[in-house]
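Notes follow once the structure below has been shown.
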Amino acid sequence: MTKIPALLTLAFAAIGLTACDSSSNSTASNDTPPNILFVVLDDLGVDQLPVFGYGGLTPASTPNLDAIAHAGVRFRNAWSMPTCTPTRATFFQGRYPMRTDVLNAVVALDLANSQVSPFEKTTPKLLKEKGYVNALIGKMHLSGSDLNTANNPLGNGVMHELGWDYFEGYLDGGPYPIDTTAGGVSQVNNGFYGCGFVPNTTDDPTYGADSGACYQASGSCSALSLADAPTPGRTCMEHGGIFDPGQSCKPVKPAYLDFETQNGYYTGEWIINLPDGSVQVLPASDASSRGYRSIMETDRALAWLKQQSADQPWMLSVGYSAIHTPLHQPPVALLPAGSEETGAFTCGTGVVAEQRTITNQMLEGLDSEIGRLLVEAGIAQFKPDGTLDYQPEKTNTVVVIMADNGTYAPSVKAPFNPARAKGFPYQGGVWVPLIVAGPMVSQPDRDVPHMVNSTDLYSLFAEVAGIDLATAVPASHSVDAEALLPYLTNPSQASIRSVNYTEMGTNITSTTVPSAPPCVIPASNVCVQVFPQEGVCLDQSGIWYGPGGVAGAQGLGSCCAVNDYRITQGEEVVDIMPDSQRAIRNEFYKLVRIERLNCSTNQLESTDEFYHVNQATPIPKLDNKPGNLLAHAVMTPEHQQNYESLKTELQKLTDSRIQCPGDGNLDLIVDAADVQNWKRFSTENGGNSSWYDFNHDGLTNEADLAVINQNMGRDCRPA
């Protein structure tokens, strides 16, 4: 692995910003497979978007997403998984989490067993067989990272191993916390900069500054004052710099300026996987790694597109970071005229009004960048009035936009319930926008009311490329994806799914390592043991009960202990995050099954909830606690019939998982190939975590080889 300056990115940027030749501006011939542009939105449920009928009392302005939605098809009944990694995995392997053990968002403690396996037949591997070139830009969070290299067996080259020809993005699950030292300057003036930049003196008379020196990572410096920008410190940050308040530029950059510490949305460690498998790392201190993430993500996507040949189809996946926490103001230049001034905001997790405003502005900035992506890719153009002119029938590119899960609690819009949002299988946690536009769409600007699932994108990508999943994917890989293309080509298409499904569980961690410390999320009234670091808990608007937190230097070891402690403090107890959560629905009814630890018995207890749901606008029928039909003394015959039917479907699905001890390459046969794969992973990465760590001790060693030998010759394939 080589840490180098951003030579590749800068070389791409030098080519210019003309429209890409690789995106057709006229209808393609029948024998030319369409290009695919896949945009993933982060933590953005249907509650955020007026084009889906919601948006709350003060919706964000999203003219570009609106234009794309009106030019294509709006799937108004699409489900994701409750958190990011499981959903993102389903996009590219078409299999429910229960089949892959990718059950929750991957964190540093999670073993490789709960990360996407290199033995999966991922979308880029499929499309490559049809001549596609594949790239992934930004966030996709399918693996571990250098936060714990022992649990990331493929290292920084993981995305190449999973099938992508080119990757330029992050392995982390989201931006790092905001640097409240504003790049180290608080060490000099004792200021606290909640939003990562030095405010002006109107917004902060004590620690603000109206002039100063703006240093770049390269060492260059320019003077900034109110004559240049309303808030010089913010402008400096927006351009990748660190603002030294009240100072003039020095020949040598002051030693206290910190370009190593990441600062929310304005930095990132960029990992690059090149087509030959080599890896480059651009740290946060590199000039090309500094700037607003949505802009950097768009820039890199366009840079890759401009290198593509017009005679080879491509699939480009762009994982935007927004609107994941931390909630951080976007550059003013991305916002509509007359936007609320946020220079005096503290970016504090407990200031609800600030959180709402920043969420809207982050979404508006994201919308601006999505519009720029389409225009500079040659897929659309801007009209003289600045609105998007998108005519997909004149292109040879299918545009797919979907979110990875519902909105996170602090940003949820009415009438959705913040306590039943991201992280839960309720409607607010899994009901997400899905937009598809392209030359094959018949009668665009319509809604599809039928149930679809994030797994179904795996089928759509294959359908667009002309791939038959039944023959292209090994029979040992049970695929849960259903067809989506018929909804695009046939406006009268009946529902293909009879039920929809979502789930979230507990990722596999080492049997020899303690669980993550507890963190309470007040907006969801829940205690979780997911975040290994205090900063991540605080970044999620949480209260840290681990070492050094509110319960003292030692901290508490479990959520049960948290509730005991809260009782002693005269505080209300909180819910404990379920160990597993599943939901299944038909057209009108929804069954939710929760498994949660009972602190009194130390046993998991399973509870069913049953709801009537719909997608009405502006007030949908949601699965809030008062609507639990099982709480009624007597259910109607219709309710009972649907409940029993969904229980049967859920059991059938659960029973369809196949366990095959000793099989690590997913072919459901334990044979010599497993021994060879074990040898590889027992030596690579120090013999730590891998998909051949069968006893889940975080090591790939002789104990795991013994499991293979004990099951040698076993054939687990269904008869």
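Quick note: the sequence shown uses numbering that gives the first Met the number 0, first residue 0, plus one each step. Beta carbons are placed, not taken as given, at the ideal position from N, Cα and C, and that holds for glycine.
When you compare the CB positions of residue i and residue j, do they come within less than 8 Å of one another, or not?
i	j	result
P391	V331	no
A300	L281	no
G554	P521	no
L125	W163	no
E353	C346	yes
L161	P117	yes
S453	L365	no
D388	A379	yes
G245	P198	no
Y500	I369	no
R581	E502	yes
N272	Y165	yes
A283	G267	yes
D673	G686	no
V612	K589	yes
V278	N155	yes
D446	G342	no
A402	P432	yes
Any idea which residues DSSP pairs residue i with across the strands?
i	result
E611	The sequence shown places His at residue 611, rather than the Glu named in the question. The partner list for H611 (beta bridge, DSSP) reads Y588.
I575	C526
P244	G211
Q380	D388
Y544	Answer by DSSP bridge pairing: none, since Y544 is not bridged.
W303	Bridge partners of W303: none, in fact.
Y425	Looking at the DSSP assignment, Y425 forms no beta bridge with any residue, so it has no partner.
C518	V527, W543
What are the boundary residues of the beta strand (DSSP E) that residue i is part of?
i	result
R371	Premise fails: R371 lies in the alpha helix (DSSP H), 351 to 375, not in any beta strand (DSSP E).
V280	278 to 281
G137	132 to 138
F74	72 to 78
C235	From DSSP, C235 is part of no beta strand (DSSP E) but of the alpha helix (DSSP H) over 231 to 237.
S224	220 to 224
Y500	499 to 503
E160	Taken as a continuous stretch (DSSP letters only), E160 belongs to no beta strand (DSSP E), being part of the alpha helix (DSSP H) at 157 to 160.
T37	Thr is not the amino acid found at residue 37; the sequence shown has Phe there. Unbroken beta strand (DSSP E) run through F37: 34 to 40.
Keeping to the same chain, check which residues put their C-beta closer than 8 Å to that of residue i; ignore five residues upstream and five downstream.
i	result
T505	L102, N103, D578, S579
E481	V451, N452, T454, D455, S458, I495, R496
T488	M439, V440, S441
W303	F11, A134, I136, Y165, E167, L315
Going along the chain, which residues of its own chain have a beta-carbon closer than 6 Å to the beta-carbon of residue i, five neighbours each way excluded?
i	result
I172	The sequence given here places Gly at residue 172; Ile does not occur at that position. Hits under 6 Å: A104, H140.
F415	D46, G427
C559	C598
F242	V197, G211, C213, G232, C235
N147	A107
Y642	F609
Just the Cα atoms here: how many angstroms apart are residue i and residue j?
i	j	result
L652	N359	39 Å
I67	I400	9 Å
F37	G569	50 Å
R723	T699	Coverage of the chain is limited to positions 0 through 718, which leaves residue 723 absent and any answer about it impossible.
K393	P383	20 Å
F530	P636	44 Å
I707	S689	14 Å
L372	T297	6 Å
L645	N627	15 Å
D607	V591	6 Å
K120	I322	30 Å
V411	P417	5 Å
V573	P409	17 Å
T26	D310	Residue confidence for T26 is low, a pLDDT of 44 falling below 50, so the modelled location carries little weight; the figure read from the coordinates is stated next. Spanning the two alpha carbons is a distance of roughly 14 Å.
T511	N694	11 Å
N24	P312	A caution first: N24 carries a pLDDT of 47, below 50, which makes its placement in the model unreliable, though a value can still be read off. Using only the alpha carbons, I get a separation of about 14 Å.
Are there any heavy atoms of the ligand GDP lying less than 7 Å away from the beta-carbon of residue i, as far as the coordinates show?
i	result
Q650	By its list of ligands, the structure shown contains no ligand whatsoever, and the ligand GDP lies outside what it can speak to.
For residue i, which residues from the same chain have a beta carbon less than 7 Å from its beta carbon, with the 5 sequence-adjacent residues on both sides left out?
i	result
K129	P32, A464, G465, I466
S144	N151, L170, D171
E701	none
G54	Q47, L48, K412
Y187	It is worth fixing the name first, because residue 187 is Val in this sequence and not Tyr. Only Y255 meet the Cβ criterion.
L334	Q360, E363, G364
Alpha helix (DSSP H) containing residue i: first to last residue?
i	result
V706	701 to 709
E643	636 to 654
N676	671 to 682
V535	533 to 538
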